[in-house]
Amino acid sequence: MSAPEERELLLVGVGFMGRPYAAAAKRLGLRVRAIEAHDWAGAIEHLVDAVEPSQGRYGALDELWAETVHAAVEKSLPTGIFGFTESHVLGAAMAQDRFGLPGPSLQAAVISRNKALQRGRFRVQGIGQPEYRLTDDLAAAAEWAAARLPVIVKPLSSAGSDGVELVADTESFERAAVRRAAERPLLVEKALDGPEYSWEALVRDGEVWFSNLTAKETTGPPHFVEVTHRTVPPLSEPDAQRVAALGREVLAAIGMRTGIVHLEFRLTQSGPAVMEVAVRTPGDYLMELCSLTYGIDWFEMVVRLTTGMELPPAPRSPVRYAASHFVISDPGQVVAVDGLEEVLGHPAVEDAAFKVAVGDIVPRTSSSLQRTGYAVLAADSPEEREEAIAFVRRTLSVKTVPVASEE
Ligand SMILES: Nc1ncnc2c1ncn2[C@@H]1O[C@H](COP(=O)(O)OP(=O)(O)O)[C@@H](O)[C@H]1O
Ligand SMILES: [Mg+2]
1 MSAPEERELL LVGVGFMGRP YAAAAKRLGL RVRAIEAHDW AGAIEHLVDA VEPSQGRYGA
61 LDELWAETVH AAVEKSLPTG IFGFTESHVL GAAMAQDRFG LPGPSLQAAV ISRNKALQRG
121 RFRVQGIGQP EYRLTDDLAA AAEWAAARLP VIVKPLSSAG SDGVELVADT ESFERAAVRR
181 AAERPLLVEK ALDGPEYSWE ALVRDGEVWF SNLTAKETTG PPHFVEVTHR TVPPLSEPDA
241 QRVAALGREV LAAIGMRTGI VHLEFRLTQS GPAVMEVAVR TPGDYLMELC SLTYGIDWFE
301 MVVRLTTGME LPPAPRSPVR YAASHFVISD PGQVVAVDGL EEVLGHPAVE DAAFKVAVGD
361 IVPRTSSSLQ RTGYAVLAAD SPEEREEAIA FVRRTLSVKT VPVASEE
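The UniProt record's numbering puts the first residue of the sequence shown at 1, with every later residue one more than the last.
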């Protein structure tokens, strides 16, 4: 093997959910070099050919991830670079741009990282979205908000609904302004009504190669933590066309070139309205759901796109109906976790686990991080999928008892 000619993928971030990228790249005969957070580097060593430890942290310190990327590409130029999650896309995109490698584009990566930049760009492009106000003084936005209640307050660069809050009336807005006075800048948006979806697209040179629609259920107000995702939800033909048009418009608006896009929107009375867009791996097992639904490995498709490899023929239709479901528990101390074995034994269930154990303290759920368990499933029909989700809902259980110190 002549090392310099070997084709190589530089994977920026692997963590746990990114492991299938490494596996797919190895299967495709690529060398895999990973950039990984110091704490995680040891855990992924056996999955890749080399690891470059980074000071970056998941969800934060993009600049430190980028620093490690700069150093890694100076050392040797890979065939392709892929930024796994939100905090990795900037560093990856800078190197892709500098060396002319496939990627979402620097523009798309920057916009992906900042919800206010998304709002500003979408406004100019006439893309459906809520009215919004960017502010570095929440109290000063009170009058604007009062005329549009209920509103959503959210940070510009976070994820998993962390810091996202519905404010229903003027008193609550005043309280939020006091509580969040140190936090700036913030986005205030008119709260939109309508079912929520995400659109996952594999994109090559700005064109959609393949896309999927997922229906999303959340806990609802005030924090909208994601509970259930279902691929291939029923949709009228006009709505399907609106969604396809929205996808194309958003790709053009952010300057998307090559990779994966995760777009979240609500179907409102006046058409689709964007919640946010990201040019990185979607969470909540959506990659797994897409793979189960279409019988192709979405991780492998992303590796192919990233390293300029050919793609197989695009799937024609779903082969299964997939879902992921998350357990939300009352705050308190965990006294029992039940039903995992039964759930794993269900023919539709692909994977399930608890995130907590007896004795753990569960805080009130305000972001995805506080969910206590999950199941991934796939069935031959939408009806069987509903039965399987219902089974998981009533079987997978985390019992808690209130503790005195809790909030
Ligand atoms: N303007 C809005 N109107 C209605 N719901 C919203 C709005 N903005 C956010 N949400 C709800 O909050 C959730 C999280 O907000 P989002 O902007 O996607 O942040 P995150 O990056 O944390 O996922 C959304 O999935 C949606 O349910
Ligand atoms: Mg979101």
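Every residue gets a Cβ at the ideal spot worked out from N, C-alpha and C, and that includes glycine.
Below 7 Å CB to CB, which residues in the same chain sit around residue 45 once its five sequence neighbours on both sides are set aside? Counting from 1 along the sequence shown, the entry for residue 45 is found at position 45. Only 51 meet the Cβ criterion.
So for residue 406, helix, strand or coil by DSSP? To locate residue 406, count along the sequence shown from 1; it is residue 406. Below a pLDDT of 50, predicted positions are generally treated as unreliable, and residue 406, at 47, falls in that range; no measurement from the model is reported.
Uninterrupted beta strand (DSSP E) stretches inside the stretch 249-290 (no shorter than 3 residues): For the stretch 249-290, whole beta strand (DSSP E) runs of length 3 or above, ordered along the chain, are 259-268 and 271-278.
Is residue 101 helix, strand or coil when you go by DSSP? Walking along the sequence shown from the start, residue 101 turns up at place 101. Coil at residue 101, not helix or strand.
In chain order, what residues of the same chain have a beta carbon less than 8 Å from the beta carbon of residue 23, not counting five sequence neighbours either side? Against the sequence shown, residue 23 aligns to sequence position 23. Result list for residue 23: 47 and 299, in chain order.
Tell me, please, which residues DSSP counts as bridged to residue 386. Within the sequence shown, numbered from 1, the residue matching residue 386 stands at position 386. In the DSSP output, where bridge partners are listed per residue, residue 386 has none listed.
Which of the three DSSP states, helix, strand or coil, is assigned to residue 311? Residue numbering aside, residue 311 sits at position 311 when the sequence shown is read from its first letter. Note: residue 311 maps to coil in three-state DSSP.
Report all residues for which the CB-ligand distance to some heavy atom of ligand 2 is below 7 Å; order them along the chain. 159, 161, 264, 275 and 276
Are the stretch 192-201 and the stretch 157-172 in contact at 8 Å, needing three or more beta carbon pairs? no
Verify the contact flag: residue 164, CB atom, against every heavy atom of ligand 1, threshold strictly below 6 Å. Locating residue 164 in the sequence shown gives position 164, where the first residue counts as 1. Within the cutoff, so yes.
Might you give, ordered along the chain, the residues of its own chain that have their beta carbon closer than 7 Å to the beta carbon of residue 406, omitting 5 neighbours on each side? By 1-based counting over the sequence shown, the position of residue 406 is 406. Residue placement at residue 406 is flagged as unreliable, the pLDDT there being 47, under the threshold of 50; a coordinate-derived value is accordingly withheld.
Spatial neighbours of residue 116 in its chain, beta-carbon cut-off 6 Å, leaving aside the 5 residues before and after: In the sequence shown, counting from the first residue as 1, residue 116 sits at position 116. Excluding sequence neighbours, residue 116 sits near 134, 156 and 187.
Between which two residues does the beta strand (DSSP E) containing residue 186 stretch? Working through the sequence shown from its first residue, we reach residue 186 at position 186. Start and end: 186-190.
Separation of residue 54 from residue 119, as counted between CA atoms: Position 119 of the sequence shown, counted from the first residue, corresponds to residue 119. Position 54 of the sequence shown, counted from the first residue, corresponds to residue 54. When rounded, the distance between both Cα atoms is 31 Å.
Is residue 361 buried or exposed, if buried means 16 or more other CB atoms sit within 10 Å of its CB? Against the sequence shown, residue 361 aligns to sequence position 361. The residue in question, residue 361, is exposed, as its Cβ has fewer than 16 Cβ neighbours within 10 Å.
In three-state terms, what does DSSP make of residue 207? Locating residue 207 in the sequence shown gives position 207, where the first residue counts as 1. Strand, per DSSP.
Which runs of the beta strand (DSSP E), 3 residues or longer, sit entirely within the stretch 320-344? Unbroken beta strand (DSSP E) stretches of 3 residues or longer found wholly inside the stretch 320-344: 321-327 and 332-338, given in chain order.
Can you name the residues that DSSP bridges to residue 36? Here residue 36 refers to the residue found at position 36 of the sequence shown. The partner list for residue 36 (beta bridge, DSSP) reads 53.
When we look at the beta-carbon of residue 17 and count the other beta-carbons within 10 Å, is it buried (16 or more) or exposed? Position 17 of the sequence shown, counted from the first residue, corresponds to residue 17. Buried, by the Cβ-count rule.
Rounded Cβ spacing between residue 325 and residue 392 (contact assumed at less than 8 Å): As a working note, residue 325 is residue 325 in the sequence shown. As a working note, residue 392 is residue 392 in the sequence shown. Contact flag correct, Cβ pair sits at about 5 Å.
Helix, strand or coil for residue 18? Go by DSSP, reduced to three states. Looking up residue 18 in the sequence shown gives position 18. Here residue 18 sits in coil by DSSP.
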